[in-house]
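Data block below; observations after.
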Amino acid sequence: MGTDSRARVIVREGPWGFVFLLAYIGAAIYFISISNGSFWGVILGLLQAIVWPVYVMYHVLLMIGA
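For what it's worth, my numbering labels the leading residue of the sequence shown as 1341, then goes sequentially.
As C-alpha coordinates, this is what we get:
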(Lines of atoms letter the chains of each structure in order from A and count residues from 1; the text may use other names and numbers.)
(Lines give C-alpha, C1' and ligand atoms only; values in the text may rest on other atoms or scores of the structure.)
Protein backbone atom coordinates (compact mmCIF):
# COMPACT_ATOMS: atom_id res chain seq x y z
CA MET A 1 0.00 0.00 0.00
CA GLY A 2 1.29 3.42 -0.91
CA THR A 3 0.72 6.48 1.13
CA ASP A 4 -1.01 9.45 -0.38
CA SER A 5 0.79 12.66 0.59
CA ARG A 6 -2.00 14.92 -0.61
CA ALA A 7 -4.19 16.47 2.05
CA ARG A 8 -7.87 17.07 1.59
CA VAL A 9 -9.00 20.59 2.45
CA ILE A 10 -12.69 21.27 2.88
CA VAL A 11 -13.69 24.92 2.74
CA ARG A 12 -17.09 25.72 4.22
CA GLU A 13 -17.31 29.43 3.38
CA GLY A 14 -19.87 29.13 0.60
CA PRO A 15 -22.80 30.67 2.50
CA TRP A 16 -20.73 33.77 3.33
CA GLY A 17 -19.89 34.21 -0.33
CA PHE A 18 -23.60 34.21 -1.12
CA VAL A 19 -24.26 36.81 1.59
CA PHE A 20 -21.49 39.04 0.23
CA LEU A 21 -22.86 38.64 -3.30
CA LEU A 22 -26.31 39.75 -2.15
CA ALA A 23 -24.77 42.71 -0.29
CA TYR A 24 -22.86 43.73 -3.43
CA ILE A 25 -25.96 43.47 -5.61
CA GLY A 26 -27.99 45.52 -3.14
CA ALA A 27 -25.29 48.17 -2.89
CA ALA A 28 -24.92 48.28 -6.67
CA ILE A 29 -28.66 48.79 -7.10
CA TYR A 30 -28.62 51.57 -4.50
CA PHE A 31 -25.60 53.43 -5.89
CA ILE A 32 -26.76 53.10 -9.50
CA SER A 33 -30.23 54.36 -8.57
CA ILE A 34 -28.81 57.54 -7.03
CA SER A 35 -26.48 58.19 -9.98
CA ASN A 36 -27.45 60.46 -12.86
CA GLY A 37 -27.82 57.48 -15.23
CA SER A 38 -24.85 58.26 -17.46
CA PHE A 39 -22.32 55.59 -18.37
CA TRP A 40 -19.68 56.92 -15.98
CA GLY A 41 -22.29 57.38 -13.26
CA VAL A 42 -23.14 53.69 -13.49
CA ILE A 43 -19.45 52.72 -13.49
CA LEU A 44 -18.88 54.91 -10.42
CA GLY A 45 -21.90 53.29 -8.75
CA LEU A 46 -20.46 49.82 -9.34
CA LEU A 47 -17.10 50.89 -7.92
CA GLN A 48 -18.78 52.41 -4.87
CA ALA A 49 -20.66 49.14 -4.35
CA ILE A 50 -17.32 47.36 -4.08
CA VAL A 51 -15.79 49.70 -1.48
CA TRP A 52 -18.81 50.75 0.64
CA PRO A 53 -17.73 48.60 3.63
CA VAL A 54 -14.59 50.75 3.88
CA TYR A 55 -16.73 53.87 4.35
CA VAL A 56 -18.85 52.13 6.98
CA MET A 57 -15.82 51.00 8.99
CA TYR A 58 -14.24 54.45 8.73
CA HIS A 59 -17.32 56.16 10.13
CA VAL A 60 -17.80 53.51 12.85
CA LEU A 61 -14.19 54.03 13.96
CA LEU A 62 -14.74 57.79 14.00
CA MET A 63 -17.84 57.35 16.15
CA ILE A 64 -16.08 55.21 18.76
CA GLY A 65 -13.09 57.55 18.81
CA ALA A 66 -10.50 55.08 17.64
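Glycine included, every Cβ here is placed at the ideal spot set by N, Cα and C.
query, result
"For residue 1347, the three-state DSSP class (helix, strand or coil)", "coil"
"Cβ separation of residue 1375 and residue 1382, assumed to be a contact under 8 Å, to the nearest whole Å", "6 Å"
"Alpha-carbon to alpha-carbon, residue 1394 and residue 1345", "41 Å"
"From 1363, 1369 and 1380, residue whose alpha carbon lies closest to that of residue 1355", "1363"
"Where the alpha helix (DSSP H) through residue 1377 begins and ends", "Counting along the chain, residue 1377 falls outside any alpha helix (DSSP H), and DSSP gives it neither H nor E."
"Rounded straight-line distance, which links the Cα of residue 1404 to that of residue 1366", "27 Å"
"Status (buried if at least 16 other CB within 10 Å, exposed otherwise) for residue 1371", "buried"
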